[in-house]
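Asks:
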């Protein structure tokens, strides 16, 4: 027989009410800061934006983003978020370096070399959409719409944009990618 | 998912099972866990590798990789043999207990030790402690990365059920539930299939077999792929064959932030925004709080928010009425979230909010209700019986141990040529292959290293820091050797996510196959059930040999 006492449903309801914050209302209790320390200096920033991290990690931390001169200066954990409670992981802290990296893909690129060579030329977005539109139309005529498939997973696990791609792919009639790793 | 804020305050004992908490989810499974330990809770870690969290454990069980189901069944049998099971709970809330017990009875402590390598005395001690304390199990993905992963998870859940450690504050079995995002919070169907549009049902492609589907799908073949928010070449199994398939496409489009393996093979590469340059919503799959994502800075360079890309493509392809030009991310969010969602409360400068309990209760199953065909915890999964009538596969309804593919026990012939089983962890410095290229991360990580047991290293004349070649019939990877007892003999570890073009990639060594009960052939399906078909990818069913390079 089990030696562990079981809580009654009523005790559990009381416990949740006592120990867990209410639903549907903002849990923010501090006002957003206007300054921060950066390289041992106190810096007044243009704004602090409260958001969250969607990098396929179930902590989905609350984040404060310090913005100055249009750039992401620094990120910190949101102290009012009940899970990360002001903390961040090392990946989170690197984000200004990532977002402003000079190595980012800066504009649309069209392959000029062999596949795998990594040789490209710059396109405008207009040209890129034209290129893709022509190929999608040709693909549908030659093979049928299910010859198109989307490959998407959790690189940014955020859900909103996936629904918009889903709307496009439904309308187009593409094959649907499902399952999980 | 029982909330960490709840279980950490009430539990007396935590088993972290296949969960390298120091690699991901650190705020719940490290910070809250440590608070529980400071209160006096004991920590048991089940992991073949001495992870950082294992080094903090009171007891560390190190089963041979992929034998977790045997370990759980051995614990169940020992608990029942001592009469420590929760009879009342079993009678009221479970279905199929007799069948489970018949299976568990085969797992004496001696046999459990023989198969798992965990000493019988330790199995017995942990089983007794687990049964007699208010106990949590926190499951990671580790034990699920094998072809028998679903059976392991079923056996672990059965262990919790037999002891009645479910639905109580501080006593539950948490696993990777999909969370509020799929529990009705998001109205995905409405956004994806807009009212009034003619939408025909399309075939489905199983992502675990995407490479194979690209090679083998017919009527029609896959000829065009738009790839975004995911890594097809670096992160897929058997990368060489994925590359072969990509070369046969009419076109591959990549929407990415950095150039790497995938963009090298793409025909069109488009600059993607990061998560701080666009709107978004990400309900956690392990907690109950939500902070909406708002754009923090303008899109950098010529990068485009993902929503804008798909909407513009839709307009150009003639679906303008479904992609209004003036729609912002917030407008789309209002279509996706429930009509009564408190936007102002959950969005900058406010938030986060706790989500309504109908989407994620902090103590799931507290009311003894289970969402199964019988309304009980199904130790015999009746839904599997139904599935078995319609689809081929291994629909064994009761947890049991089946040796996994490509392991010493599952494929002795292959193991003679490639005797080392290679596990790949997710390092805390990366999200799979992301962040690897950042100077901060490179400085912390240094060059890629693989862990190798001293006995295996000595037998091959390999010393700490040597450059080694890890290989099998599929590929080879070159890294530095880290000779350490953190891995078991005949086992190696190489972190996932190293780019092929930089060296040290592990996934190219892995056979392309799925885990989970259903056999889905080459990956093209008409119907798929996310929960029941249960596909993951057996990334750890990987045999290799190693030599000094």
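Chains as they are written, first to last, in my numbering: chain D, 1 to 181; chain R, 1001 to 1549.
We put the beta carbon where it would ideally sit given N, CA and C, even for glycine.
Do you know offhand how far residue 1637 of chain R's Cα is from residue 1543 of chain R's?
Replies: Residue 1637 of chain R cannot be examined here, being either before or after the span of chain R that is shown, 1001 to 1549.
Asks: Assuming the contact rule is C-beta atoms closer than 8 Å, residue 99 of chain D and residue 132 of chain D should be a hit. Round their C-beta distance to whole Å, please.
Replies: Residue 99 of chain D sits at position 99 when you count from the first residue of the first chain. Residue 132 of chain D sits at position 132 when you count from the first residue of the first chain. Actually they are not in contact, since the Cβ atoms of residue 99 of chain D and residue 132 of chain D sit about 26 Å apart, beyond 8 Å.
Asks: Given this structure, state the Cα-to-Cα distance separating residue 1014 of chain R from residue 1095 of chain R, to the nearest angstrom.
Replies: Locating residue 1014 of chain R in the second chain gives position 14, where the first residue counts as 1. Locating residue 1095 of chain R in the second chain gives position 95, where the first residue counts as 1. Rounded to whole angstroms, residue 1014 of chain R to residue 1095 of chain R spans 26 Å at the Cα level.
Asks: What does the Cβ neighbour count give for residue 1487 of chain R, buried or exposed, with the cut at 16 atoms within 10 Å?
Replies: Taking the second chain and counting its residues from 1, one reaches residue 1487 of chain R at position 487. Counting Cβ neighbours within 10 Å, residue 1487 of chain R comes out buried, since at least 16 surround it.
Asks: Could you give the first and the last residue of the continuous beta strand (DSSP E) run that contains residue 1539 of chain R?
Replies: Taking the second chain and counting its residues from 1, one reaches residue 1539 of chain R at position 539. Counting along the chain, residue 1539 of chain R falls outside any beta strand (DSSP E), and DSSP gives it neither H nor E.
Asks: Taking CB distances under 8 Å as the criterion, tell me whether residue 14 of chain D reaches chain R.
Replies: Numbered from 1 along the first chain, position 14 holds the residue referred to as residue 14 of chain D. Judged by the 8 Å Cβ criterion, residue 14 of chain D is not in contact with chain R.
Asks: Just to confirm, are residue 1163 of chain R and residue 1085 of chain R a CB contact at a threshold of 8 Å?
Replies: On the second chain, position 163 is the one that residue 1163 of chain R refers to. On the second chain, position 85 is the one that residue 1085 of chain R refers to. It is a contact, given that the beta carbons lie within the stated cut-off.
Asks: In whole angstroms, give me the CA-to-CA distance for residue 1370 of chain R and residue 1377 of chain R.
Replies: For the purposes of this step, residue 1370 of chain R is taken as the residue at position 370 of the second chain. For the purposes of this step, residue 1377 of chain R is taken as the residue at position 377 of the second chain. Cα to Cα, the separation comes out at about 6 Å.
Asks: Could you say if the stretch 1229-1248 of chain R and the stretch 1275-1282 of chain R meet the contact criterion of at least three C-beta pairs nearer than 8 Å?
Replies: Counting Cβ pairs under 8 Å, fewer than three are found: no touch.
Asks: I believe residue 1494 of chain R touches residue 1503 of chain R by the beta-carbon criterion, under 8 Å. Please report the beta-carbon distance rounded to the nearest angstrom.
Replies: Sequence index remark: in the second chain, residue 1494 of chain R carries index 494 (1-based). Sequence index remark: in the second chain, residue 1503 of chain R carries index 503 (1-based). Not really, about 11 Å apart at Cβ, beyond 8 Å.
Asks: With distance defined between alpha-carbon atoms, name the residue in R/1051, R/1506, R/1156, R/1260 nearest to residue 115 of chain D.
Replies: Here residue 115 of chain D corresponds to residue number 115 of the first chain, with the count starting at 1. Closest by alpha carbon: R/1260.
Asks: Judging by CA-CA distance, which residue of R/1170, R/1332, R/1310, R/1309 is the nearest neighbour of residue 1293 of chain R?
Replies: As a first step, residue 1293 of chain R must be located in the second chain, where it is residue number 293. When only C-alpha atoms are compared, the closest one is R/1332.
Asks: Enumerate, from N- to C-terminal direction, the unbroken beta strand (DSSP E) stretches of 3 or more residues contained entirely within the stretch 1074-1150 of chain R.
Replies: Correct list: 1135-1139.
Asks: Within this structure, are the beta carbons of residue 1519 of chain R and residue 1410 of chain R separated by less than 8 Å?
Replies: As a working mapping, residue 1519 of chain R is identified with position 519 in the second chain. As a working mapping, residue 1410 of chain R is identified with position 410 in the second chain. No, the pair does not count as a contact, with Cβ atoms beyond the cut-off.
Asks: Taking the alpha carbon of residue 1379 of chain R as the reference point, which residue from R/1364, R/1396, R/1365, R/1363 has its own alpha carbon closest?
Replies: Residue mapping note: residue 1379 of chain R aligns to position 379 of the second chain, counting from 1. Here the closest residue by C-alpha is R/1396.
Asks: Work out the CA separation of residue 1088 of chain R and residue 1156 of chain R for me, nearest whole Å.
Replies: Counting from 1 along the second chain, the entry for residue 1156 of chain R is found at position 156. Counting from 1 along the second chain, the entry for residue 1088 of chain R is found at position 88. If I take the Cα positions, the gap works out to 20 Å.
Asks: Tell me which residues share the same chain as residue 1215 of chain R and place their Cβ nearer than 6 Å to its Cβ, disregarding the 5 neighbours each side in the sequence.
Replies: For the purposes of this step, residue 1215 of chain R is taken as residue 215 along the second chain, with counting starting at 1. So the qualifying residues of the chain are 1245.
Asks: At a CB distance below 8 Å, what residues from the stretch 1261-1280 of chain R approach chain D? Give them in sequence order.
Replies: Residues passing the 8 Å Cβ filter: 1263, 1264, 1265, 1266, 1267, 1268, 1269, 1270, 1271, 1272, 1274, 1275, 1276, 1277, 1278, 1279, 1280.
Asks: Taking residue 163 of chain D as the query, report the chain R residues whose CB atoms sit under 7 Å from its CB, ordered along the chain.
Replies: As a working mapping, residue 163 of chain D is identified with position 163 in the first chain. Going along chain R in sequence order, the residues near residue 163 of chain D (Cβ under 7 Å) are 1188, 1191, 1192, 1336.
Asks: Out of R/1540, R/1546, R/1460, R/1535, point me to the one whose CA is closest to residue 1206 of chain R's CA.
Replies: Looking up residue 1206 of chain R in the second chain gives position 206. When each option's Cα is compared against that of residue 1206 of chain R, the closest is R/1535.
Asks: Could you work out which residue in R/1375, R/1231, R/1358 is closest to residue 1500 of chain R when comparing CA atoms only?
Replies: Looking up residue 1500 of chain R in the second chain gives position 500. For residue 1500 of chain R, the nearest C-alpha among the options comes from R/1231.
Asks: Under the rule that 16 or more other beta-carbon atoms within 10 Å means buried, what is residue 124 of chain D, buried or exposed?
Replies: Position 124 of the first chain, counted from the start, is the residue given in the question as residue 124 of chain D. Classification for residue 124 of chain D: exposed.
Asks: Where do the N-terminal and C-terminal ends of the beta strand (DSSP E) with residue 1016 of chain R fall, by residue?
Replies: In the second chain, the residue the question calls residue 1016 of chain R occupies position 16. Here the beta strand (DSSP E) through residue 1016 of chain R covers 1013-1017.
Asks: Buried or exposed: where does residue 1433 of chain R fall if 16 or more other Cβ atoms within 10 Å of its Cβ makes it buried?
Replies: Along the second chain, one-based indexing puts residue 1433 of chain R at 433. Classification for residue 1433 of chain R: buried.
Asks: Taking three-plus beta-carbon pairs below 8 Å as touching, is the stretch 104-112 of chain D in contact with the stretch 1176-1193 of chain R?
Replies: No: the two stretches stay apart, fewer than three of their Cβ pairs being nearer than 8 Å.
Asks: Once DSSP output is grouped into helix, strand and coil, what is the label at residue 1301 of chain R?
Replies: Counting from one through the second chain, the residue named residue 1301 of chain R turns up at place 301. Note: residue 1301 of chain R maps to coil in three-state DSSP.
Asks: Tell me which residue opens and which closes the beta strand (DSSP E) that residue 1479 of chain R is part of.
Replies: In the second chain, counting from the first residue as 1, residue 1479 of chain R sits at position 479. Its beta strand (DSSP E) spans residues 1476-1483.
Asks: Between R/1523, R/1325, R/1454, R/1139, which has its C-alpha nearest residue 1018 of chain R's C-alpha?
Replies: Against the second chain, residue 1018 of chain R aligns to sequence position 18. With distances taken between Cα atoms, residue 1018 of chain R lies closest to R/1139.
Asks: What residues of chain R sit near residue 156 of chain D, judged by a beta carbon separation below 7 Å?
Replies: Working through the first chain from its first residue, we reach residue 156 of chain D at position 156. What residue 156 of chain D touches in chain R: 1229, 1275.
Asks: Starting from residue 165 of chain D and walking both ways along the beta strand (DSSP E), at which residues does that stretch end?
Replies: Locating residue 165 of chain D in the first chain gives position 165, where the first residue counts as 1. No beta strand (DSSP E) holds residue 165 of chain D; the alpha helix (DSSP H) holding it covers 160-172.
Asks: Assuming residue 1401 of chain R and residue 1120 of chain R form a contact by the criterion Cβ under 8 Å, report the distance between their Cβ atoms to the nearest whole angstrom.
Replies: Here residue 1401 of chain R refers to the residue found at position 401 when the second chain is read from its first residue. Here residue 1120 of chain R refers to the residue found at position 120 when the second chain is read from its first residue. At roughly 16 Å, the Cβ-Cβ gap does not stay under 8 Å, so residue 1401 of chain R and residue 1120 of chain R are not in contact.
Asks: DSSP state of residue 1463 of chain R, grouped into three classes?
Replies: Residue mapping note: residue 1463 of chain R aligns to position 463 of the second chain, counting from 1. The answer is coil: DSSP assigns residue 1463 of chain R none of H, G, I, E or B.
Asks: Taking Cβ-Cβ distances shorter than 7 Å, what residues in chain D pair up with residue 1350 of chain R?
Replies: One-based indexing of the second chain puts residue 1350 of chain R at position 350. Neighbours of residue 1350 of chain R on chain D, chain order: 26, 28.
Asks: Going straight from the alpha carbon of residue 1081 of chain R to that of residue 1129 of chain R, what length do you get?
Replies: The residue labelled residue 1081 of chain R in the question sits at position 81 within the second chain. The residue labelled residue 1129 of chain R in the question sits at position 129 within the second chain. Cα to Cα, the separation comes out at about 14 Å.
Asks: Do you know offhand how far residue 1335 of chain R's Cα is from residue 1190 of chain R's?
Replies: Stepping through the second chain from its first residue, residue 1335 of chain R is reached at position 335. Stepping through the second chain from its first residue, residue 1190 of chain R is reached at position 190. Going by the C-alpha atoms only, they are around 8 Å apart.
Asks: With 16 other CB atoms within 10 Å as the buried threshold, where does residue 1135 of chain R fall?
Replies: On the second chain, position 135 is the one that residue 1135 of chain R refers to. Looking at its Cβ environment, which holds 16 or more other Cβ atoms inside 10 Å, residue 1135 of chain R is buried.
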